[in-house]
Every structure is written in C-alpha cells, then in structure tokens.
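Asker: Below you will find the structure I want to go over with you.
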Amino acid sequence: MKFDAQAIQKIAEVLQTEAKERGNNFRMVLDHPESGRRLSLEIYPEIAISKNKGSLISVYTASSHLQLHFCTGFVVSEALGEVTFVAENKGKVCGLIIEKEAGCSLFANVDAKVLSGDFTTLGPEVMLSGIALSLTESILPKPKKTQRAKRPAKKAAKSSKRKTSPRRRK
C-alpha cells in the first residue's frame, strides 16, 4: 500500500487535523485538551524496511511509541472519528487505531478468522480485538480455499477367501 495525497487528506479530515509533509513522511498532531491527550502520527508512504520498501505508521505519545510496519491498508470511520491502519501477513492481522480525541490502540498478530463470525463465542479479551478490527475485514485478502489432497484410488481389496484347488474326481 502506498499512501497518496488523497489518502493522506482523507485521514487528516477524519482525525480533524492538518497533515504536514516533512520530506519522506506526513505528520499530523492530535490534541485533546479535555482528556489531556496528545499524539503525533507519522505516515511514511514508502520507506526502506530491511531489504524491502513499504509503508510505515508511527505514533508518538507522552508515554509510548508505536509502529506498524508494512501497512497494507486503512479504513476511515467518520462516525467513530477514527482511522484504522492494518497490516496483514499469512492470515495474521495487526491494527493500529487512531482516534480524533488523540487516543490510540494497537492489536497485534490477531488471527483474521476472529474478525468475522459470532463474537459472543469468544472470551471478552479476544472479542475486543475482533470487534475493533472487524471494520478492516473488507480490505483484507480473502482466505484461500484449501483443497484437499486427492487420495489415491483404493486398490481392490484382496479376497480373504482361500483359493481352493479344483476338486479331483474320484
């Protein structure tokens, strides 16, 4: 996923802030005086990560620094006033949720199967991640249907009856 100017603008609008281009990244500062929260969000559309290039999302708060490497997509929710950045790899999902009130949540290595289905069958600890990341299900790769290996054709069963020699005439 490579973030273009239109995507950056949409993210800034939902978070009710301004995006400033700073060389190889876009920076947004969210401030919520009522709660005393403040965070900085940096989006690197394409940056070297080891031997590869990918998108990097960084969040800085007074007490934490969070990063999401190889972001594969994002979902905005105007109703909730939040943006969910997601990274998916081999059926595992990581999500970084940024709220316009300068809140953030990170869910890491979540089994993609948890995002759909009956949340009530899950424990409350697991249910939270499934509900929080369920908005991203529409942008995740569809699970590949696993085909069963074809079984070799069964060989004709050998008869357990003993072969008898023809009767001799007396």
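Take the sequence shown: its letter number 24 is residue 414 in my numbering, and every next letter is one higher.
Cβ coordinates follow ideal geometry from the N, Cα and C atoms, glycine included.
(1) Going along the chain, which unbroken runs of the beta strand (DSSP E) with 3 or more residues stay wholly within the region 470-501?
(2) Report the start-end ranges of each beta strand (DSSP E) in the region 397-442 that is 3 residues or longer and not cut off at the edges.
(3) So which of G485, E515 and V419 has the shortest CA-CA distance to A502?
(4) Report the CB separation of S445 from E436 in whole angstroms; it is logged as a contact under 8 angstroms.
(5) Which residue wins for smallest C-alpha separation from K490, given the options H459, A397 and S467?
(6) Short check: CB of I439 to CB of F416, under 8 angstroms?
(7) Ends of the beta strand (DSSP E) at V465?
(8) Applying the 10 Å Cβ sphere with the 16-neighbour rule, what's the burial state of L405?
(9) Closest to L496 by CA distance: which of A397, Y450, I401 and N414 is it?
(10) Which residue from N414, C494, V500 and A397 puts its Cα closest to that of S453?
(11) Might you give, ordered along the chain, the residues of its own chain that have their beta carbon closer than 7 angstroms to the beta carbon of D421, omitting 5 neighbours on each side?
(12) What would DSSP say about R538, mapped onto helix, strand or coil?
Answerer: Walking through what the data contain:
(1) Qualifying beta strand (DSSP E) stretches, in chain order: 472-479, 482-489 and 494-501.
(2) The beta strand (DSSP E) runs lying completely inside the region 397-442 and spanning 3 residues or more are 410-412, 415-422 and 427-439, given in chain order.
(3) Walking along the sequence shown from the start, residue 502 turns up at place 112. Distance from the Cα of A502 is smallest, within the candidate group G485, E515 and V419, for G485.
(4) Your numbering for residue 445 matches position 55 in the sequence shown. Your numbering for residue 436 matches position 46 in the sequence shown. Confirmed, about 7 angstroms.
(5) Mapped onto the sequence shown, residue 490 falls at position 100. Taking K490 as reference, the option from H459, A397 and S467 with the minimal CA-CA separation is S467.
(6) The residue labelled residue 439 in the question sits at position 49 within the sequence shown. The residue labelled residue 416 in the question sits at position 26 within the sequence shown. Taking 8 angstroms as the cut-off, the Cβ atoms of I439 and F416 do not count as close.
(7) As a position in the sequence shown, residue 465 is number 75, starting the count at 1. Residues G463 to S467.
(8) Start at 1 with the first residue of the sequence shown, and residue 405 comes out as number 15. Here L405 is buried. Its C-beta has 16 or more other C-beta atoms within 10 Å.
(9) The residue labelled residue 496 in the question sits at position 106 within the sequence shown. Taking only the C-alpha atoms, the option nearest L496 is Y450.
(10) Sequence index remark: in the sequence shown, residue 453 carries index 63 (1-based). Ranking the options by Cα distance to S453, first place goes to C494.
(11) Taking the first residue of the sequence shown as position 1, residue 421 is located at position 31. Non-local C-beta neighbours of D421 in its own chain, meaning closer than 7 angstroms and more than five positions away in sequence, comprise R428 and A492, ordered along the chain.
(12) For the purposes of this step, residue 538 is taken as the residue at position 148 of the sequence shown. Note that R538 scores a pLDDT of 48, beneath 50, so its modelled location is shaky and nothing firm can be said.
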